[in-house]
Each structure stands twice: as structure tokens, then as C-alpha cells.
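Undergrad: In terms of the numbering used here, the sequence shown opens at residue -17 and continues consecutively. Below you will find the structure I want to go over with you.
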Amino acid sequence: MITKFGSLYAGHVDLEGIGFDATPVNDRRLSNEKLASVFPKAEAIATKMDELGFDTFWAAEHHFQHEGYECIPNLLMMYVHLAHLTKTLKFGCGFNVNPMWHPLRLAEDYATADILTKGRIIFGVARGYHTREVDTFGFPQHPNRQ
-17 MITKFGSLYA GHVDLEGIGF DATPVNDRRL SNEKLASVFP KAEAIATKMD ELGFDTFWAA
43 EHHFQHEGYE CIPNLLMMYV HLAHLTKTLK FGCGFNVNPM WHPLRLAEDY ATADILTKGR
103 IIFGVARGYH TREVDTFGFP QHPNRQ
């Protein structure tokens, strides 16, 4: 029997004027204010999930997503904040984009978040797939193409 429920918040902003006749996704350049709207939205979702007894709030780290999709650049900072707004909800890192993190820094940040949230962070990494993330940080793209 299923006893635990989680949900994924992709970190997208509420969009207007979308569809076939709208600005093409790759041409969309949203303001910083609009992109930052993912944080109050994450607060509302997490507090409601905690209130309803959900087990885990999942999200993924992404960078430079000016189109309005996947706009959370630092999961751990957000999760430490959300943990202080909730009582029992755990926070799963669908992934951190591994090439952007020094392994020791990633380990330290996770350990710190684990302490500050009293063990409510779930570790997760991936190599990432958005070219602009890896290129902008100056990391080689060829390991992602193997």
C-alpha cells in the first residue's frame, strides 16, 4: 500500500499569452521580477503540502532559464528556507547540476542543509542537459554528449 506521497514543482512561473499565436518559447525573455515569482509560489506549495501530510517536495536546479521554466538556481538555499516554514515535509533534490559544483563544496552545502533542516534534505545530482547552463559556467559540453 502506498503510504507516502510527494510532488514535483518544476520551478516555472505563471505564464500569460502562451499558445500557438504567442511569442515562441526561445524568444521569451522574462524580467527578473517575474522569474523570482517562483519563490513565493514554492512557499505556498510547500506549506500546503506540509499541511496536507505530503512526504516530499521535489524540484531541480537549473540556471539561466529566461523563458520561465525551471527557474530555481539554488535548491539548498530555497530548501533551508522552506524547511523553516514547514514542520515535517522533506525536500528532494531532483538534482543539482553536478558540473557546476566542486565536489567538496557540494558535500559541505548538503551537510550544512542537512543540519539546518534536521535531516529533511534528500540528496540528488545529475550532469544537466541544458547547453546554456554548462557553457555559461565555462564547463566542457563533451562529457554530456557521451
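Each residue gets a CB set at the ideal place from its N, CA and C atoms; glycine is no exception.
Please report the straight-line C-alpha distance between ASP37 and ARG102, rounded to a whole angstrom.
TA: Using only the alpha carbons, I get a separation of about 10 Å.
Undergrad: Assign PHE21 to one of three DSSP states: helix, strand, or coil.
TA: Three-state DSSP puts PHE21 in a helix.
Undergrad: Suppose you measure from the CA of ALA108 to the CA of LEU(-3); what does that come to, to the nearest Å?
TA: If I take the Cα positions, the gap works out to 27 Å.
Undergrad: Report the start-end ranges of each beta strand (DSSP E) in the segment 51 to 123 that is 3 residues or longer and not cut off at the edges.
TA: 72 to 79, all fully within the segment 51 to 123.
Undergrad: Consult DSSP for LEU(-3) and reduce its assignment to one of helix, strand or coil.
TA: Looking at LEU(-3) - three-state DSSP - the assignment turns out to be coil, as it is neither helix nor strand.
Undergrad: Have a look at PRO81, PHE2 and PHE73 and flag the residue whose alpha-carbon is nearest the alpha-carbon of TYR92.
TA: Answer by Cα proximity: PHE73.
Undergrad: So what does DSSP say about LEU12, is it helix, strand or coil?
TA: LEU12 falls in the coil class under three-state DSSP.
Undergrad: Along the beta strand (DSSP E) that carries GLY(-12), what are the first and last residues, could you check?
TA: Counting along the chain, the beta strand (DSSP E) containing GLY(-12) begins and ends at -12 to -10.
Undergrad: Compare the C-alpha of LYS(-14) against each of ALA18, HIS44, GLY50 and GLY35 and name the closest.
TA: When only C-alpha atoms are compared, the closest one is GLY35.
Undergrad: Roughly how many angstroms separate the alpha carbons of MET(-17) and LEU(-10), rounded to a whole number?
TA: Cα to Cα, the separation comes out at about 21 Å.
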